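Visitor: Below: one structure in C-alpha cells.
Numbering (the numbering used here), first residue to last: 83 to 450.
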C-alpha cells in the first residue's frame with residue numbers, strides 16, 4: 083500500500099455504513115459510502131479512490147466533504163429539480179484542472195469555467211459551488227523551494243533511526259564529517275535509563291504589539307499600548323511526555339542554545355531526550371551536537387524547509403493569538419505572561435496529535 087492513511091471523522095459506525103450500502107440502489111451514493119468504508123478500514127486515500135474507480139483528487143474532495151458534514155454533504159440529492167450547469171463528469175474535470183493550477187483567485191476560476199465549459203455562474207453562487215466541491219479557502223502557506231517532496235518520509239526515517247540507536251556505540255548526534263578521533267562521551271552525572279522523552283524545540287520572537295486576534299468594537303478598533311519591545315528571543319521546548327519549558331536567551335548563538343538544552347535536561351532528568359528541531363546554524367553545528375550528546379539529548383533534525391513538521395509551530399501561533407489583546411507595562415511582565423500561556427498550551431497534546439500518529443505510532447512503547 084502506498085501513501086498515507088487519511089484521517090477520517092467517524093460520523094457513522096461501520097454497521098451503519100453497511101446498512102446504508104444494502105439499502106441504496108443509487109450507484110453514486112454506493113461509491114461514496116464504499117469509499118468511506120475503505121478509509122475506515124485503514125486504506126490510503128489513493129487506494130480507496132482507486133477501489134471505486136475515481137481519481138485521487140475526487141477522493142480528497144469526498145473525504146473533505148465527509149469530514150466537514152458527514153452523509154449530508156457527501157451524498158446530496160442527485161435527482162429532481164433543475165439540472166446543474168455542470169454535470170458530475172464536468173465537475174470532476176474542473177477539479178482536476180483546479181488541482182493542476184492551484185492556487186486560484188475566484189475571478190480566475192470563473193474565467194476557467196467560462197473557457198472550458200462555456201458556463202457562467204453568478205458571482206454570488208460561485209463560492210457555494212466551490213464549497214460544494216470541497217475546495218479550501220485560506221491563505222496559502224508559504225513553502226521554501228528547497229523543501230523535499232518526501233519530507234514526511236525523511237522525518238519518519240530520522241525518528242526511526244533515533245529509536246533504533248538506543249544502544250548504539252556511535253553517538254547519534256555525531257555526523258560523518260566530524261573528527262573521527264575526537265571522543266564523544268556522556269557526562270558522568272547524567273542518567274538516561276529512565277525511558278525516552280520526546281519534545282520539540284524552536285525559537286520565536288513574540289512581541290507585545292503583535293495583533294493576531296480580531297476583537298469587536300463600536301468605533302475604530304484601536305488599542306493604546308505602552309511602547310514595549312522585547313529584544314531577546316523566546317526558546318520553547320514542547321514535551322510530549324515530559325516537562326515543557328520556555329526560556330529567554332539573550333541571543334541564538336550556539337553557547338546560548340546549549341544553555342537552553344542544559345535547562346531542558348535539568349527539567350527532565352533521568353531519561354533520554356529525543357529533541358526535534360530545525361536546521362538553524364547554531365542547532366546543527368558540531369559544538370551544539372556534541373554538547374547535546376554529553377547531556378543525553380539526541381537531536382532529530384527536520385528536513386530542510388519543513389517547519390510544518392514541528393508541532394511547536396501551532397503552539398507559537400496560539401500563544402501570539404492569546405497574548406495579542408493584552409496590555410503589558412514592560413518586558414518582564416510580558417515574559418511572565420508568555421511563560422504562563424506557554425505552560426497552559428503545552429499541557430495539551432492536541433498540537434502534536436497528527437505528528438504522534440504519523441511519526442511516533444510504532445515507538446510509543448519506548449517512551450517512559
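Positions of the beta carbon are idealized from the N, C-alpha and C atoms, including for glycine.
Remember, predicted model here, so these are calculated numbers, not experimental data.
For residue 315 versus residue 401, is the C-beta distance shorter than 9 Å?
Guide: Counted from its first residue, the chain shown places residue 315 at position 233. Counted from its first residue, the chain shown places residue 401 at position 319. No. Outside cutoff.
Visitor: Could you name each continuous beta strand (DSSP E) segment of 3 residues or more that falls completely within the region 280-352, going from the start of the chain to the end?
Guide: 316-321 and 327-329
Visitor: Taking the continuous beta strand (DSSP E) assigned at residue 355, which residues delimit it?
Guide: The residue you call residue 355 lines up with position 273 of the chain shown. Note, residue 355: beta strand (DSSP E), 354-359.
Visitor: Can you tell me which of 114, 405 and 431 puts its alpha carbon nearest to the alpha carbon of residue 419?
Guide: Numbered from 1 along the chain shown, position 337 holds the residue referred to as residue 419. Taking only the C-alpha atoms, the option nearest residue 419 is 405.
Visitor: For residue 383, write down the residues that DSSP places opposite it in a beta bridge.
Guide: Here residue 383 refers to the residue found at position 301 when the chain shown is read from its first residue. DSSP lists 359 as the beta-bridge partner residues of residue 383.
Visitor: Taking the straight line between their C-alpha atoms, what separation do you get for residue 362 and residue 326?
Guide: One-based indexing of the chain shown puts residue 362 at position 280. One-based indexing of the chain shown puts residue 326 at position 244. Cα to Cα, residue 362 sits roughly 21 Å from residue 326.
Visitor: Between which residues of its own chain and residue 142 is the CB-CB distance below 7 Å, once the five residues before and five after are set aside?
Guide: For the purposes of this step, residue 142 is taken as residue 60 along the chain shown, with counting starting at 1. The residues are 127.
Visitor: With a CB to CB cut of under 6 Å and the five nearest residues on each side skipped, what residues in its chain are close to residue 350?
Guide: Within the chain shown, the letter at position 268 stands for residue 350. Cβ within range, chain order: 279, 324 and 325.
Visitor: Which value, in whole angstroms, describes the spacing of the CA atoms of residue 129 and residue 221?
Guide: As a position in the chain shown, residue 129 is number 47, starting the count at 1. As a position in the chain shown, residue 221 is number 139, starting the count at 1. One C-alpha to the other measures close to 29 Å.
Visitor: Reducing DSSP to helix, strand and coil, say where residue 431 ends up.
Guide: Start at 1 with the first residue of the chain shown, and residue 431 comes out as number 349. Note: residue 431 maps to coil in three-state DSSP.
Visitor: Between 388, 430 and 435, which has its C-alpha nearest residue 235's C-alpha?
Guide: Working through the chain shown from its first residue, we reach residue 235 at position 153. Cα-wise, what sits closest to residue 235 is 388.
Visitor: Given a cut-off of 9 Å, decide if residue 381 and residue 368 are closer than it, judged by their beta-carbon atoms.
Guide: Indexing the chain shown from 1 puts residue 368 at position 286. Indexing the chain shown from 1 puts residue 381 at position 299. Their beta carbons are not under 9 Å apart, which means residue 368 does not touch residue 381 by this criterion.
Visitor: In whole angstroms, what is the alpha-carbon distance linking residue 395 and residue 423?
Guide: Translated into the one-based positions of the chain shown, residue 395 becomes position 313. Translated into the one-based positions of the chain shown, residue 423 becomes position 341. Each residue's Cα considered, the two are about 15 Å apart.
Visitor: Quickly, what does DSSP pair residue 275 with across the bridge? List them, please.
Guide: Working through the chain shown from its first residue, we reach residue 275 at position 193. Beta-bridge pairing links residue 275 to 353.
Visitor: Grab me the residues of residue 355's own chain with a C-beta within less than 6 Å of its C-beta, minus the 5 sequence neighbours each way, in chain order.
Guide: By 1-based counting over the chain shown, the position of residue 355 is 273. Cβ neighbours of residue 355 beyond the five flanking positions: 279 and 379.
Visitor: Which of the three DSSP states, helix, strand or coil, is assigned to residue 126?
Guide: Along the chain shown, one-based indexing puts residue 126 at 44. In this structure, residue 126 counts as strand in the three-state DSSP scheme.
Visitor: My guess is that residue 155 and residue 147 are in contact by the Cβ rule of under 8 Å, so how many angstroms apart are they, rounded?
Guide: Locating residue 155 in the chain shown gives position 73, where the first residue counts as 1. Locating residue 147 in the chain shown gives position 65, where the first residue counts as 1. Residue 155 to residue 147, Cβ: 4 Å. Contact.
Visitor: Looking only at its own chain, which residues have a Cβ that is under 7 Å from the Cβ of residue 292, when we skip the five neighbours before and after it?
Guide: As a first step, residue 292 is located in the chain shown; it is residue number 210 there, counting from the start. 402 and 406.
Visitor: What is the rounded straight-line gap between the Cα of residue 201 and the Cα of residue 195?
Guide: Here residue 201 corresponds to residue number 119 of the chain shown, with the count starting at 1. Here residue 195 corresponds to residue number 113 of the chain shown, with the count starting at 1. Counting only the Cα atoms, residue 195 lies some 6 Å from residue 201.
Visitor: Could you have a look at residue 203 and say whether DSSP puts it in helix, strand or coil?
Guide: Looking up residue 203 in the chain shown gives position 121. Of the three classes helix, strand and coil, the one that applies to residue 203 here is coil, per DSSP.
Visitor: What does the alpha-carbon distance come out to for the pair residue 93 and residue 435?
Guide: As a first step, residue 93 must be located in the chain shown, where it is residue number 11. As a first step, residue 435 must be located in the chain shown, where it is residue number 353. Rounded to whole angstroms, residue 93 to residue 435 spans 19 Å at the Cα level.
Visitor: Is residue 220 helix, strand or coil when you go by DSSP?
Guide: In the chain shown, counting from the first residue as 1, residue 220 sits at position 138. In this structure, residue 220 counts as coil in the three-state DSSP scheme.
Visitor: Mind checking whether residue 317 and residue 330 have CB atoms under 9 Å apart?
Guide: As a working note, residue 317 is residue 235 in the chain shown. As a working note, residue 330 is residue 248 in the chain shown. For residue 317 and residue 330, yes; Cβs fall inside 9 Å.
Visitor: For residue 229, which three-state DSSP category applies?
Guide: Within the chain shown, the letter at position 147 stands for residue 229. The answer is coil: DSSP assigns residue 229 none of H, G, I, E or B.
Visitor: For residue 116, collect the residues of the same chain with a Cβ closer than 8 Å to its Cβ; drop the 5 residues on either side in sequence, then sort them by chain order.
Guide: To locate residue 116, count along the chain shown from 1; it is residue 34. Closer than 8 Å at Cβ, skipping near neighbours: 103, 133 and 134.
Visitor: Residue 442: which of 421, 185 and 239 sits nearest, CA to CA?
Guide: Along the chain shown, read from residue 1 onward, the residue named residue 442 stands at position 360. Closest option to residue 442, judged by alpha-carbon separation, among 421, 185 and 239: 239.
Visitor: Compare the C-alpha of residue 347 against each of 321, 366 and 193 and name the closest.
Guide: Numbered from 1 along the chain shown, position 265 holds the residue referred to as residue 347. If we check each option's Cα against that of residue 347, 321 comes out closest.
Visitor: CA-CA distance, residue 149 and residue 197?
Guide: Counted from its first residue, the chain shown places residue 149 at position 67. Counted from its first residue, the chain shown places residue 197 at position 115. Roughly 32 Å between the two C-alpha positions.
Visitor: Count the other CB atoms within 10 Å of the CB of residue 385; is the residue buried (16 or more) or exposed (fewer)?
Guide: Within the chain shown, residue 385 is the residue found at index 303, counting from 1. With 16 or more Cβ atoms within 10 Å of its Cβ, residue 385 is classed as buried.
Visitor: Buried or exposed for residue 393, going by 16 or more other Cβ atoms inside 10 Å?
Guide: Reading the chain shown from its first residue, position 311 is the one you call residue 393. Under this definition residue 393 is a buried residue.
Visitor: Kindly indicate which three-state DSSP category residue 179 falls into: helix, strand or coil?
Guide: Locating residue 179 in the chain shown gives position 97, counting from the first residue. Residue state, collapsed to three classes: helix.
Visitor: Out of curiosity, what's the CA-to-CA distance linking residue 344 and residue 91?
Guide: As a working note, residue 344 is residue 262 in the chain shown. As a working note, residue 91 is residue 9 in the chain shown. Whole-angstrom Cα-Cα distance: 41 Å.
Visitor: Measure from the alpha carbon of residue 199 to the alpha carbon of each residue in 215, 298 and 172, then state which is nearest.
Guide: Here residue 199 corresponds to residue number 117 of the chain shown, with the count starting at 1. Considering only alpha carbons, the answer is 172.
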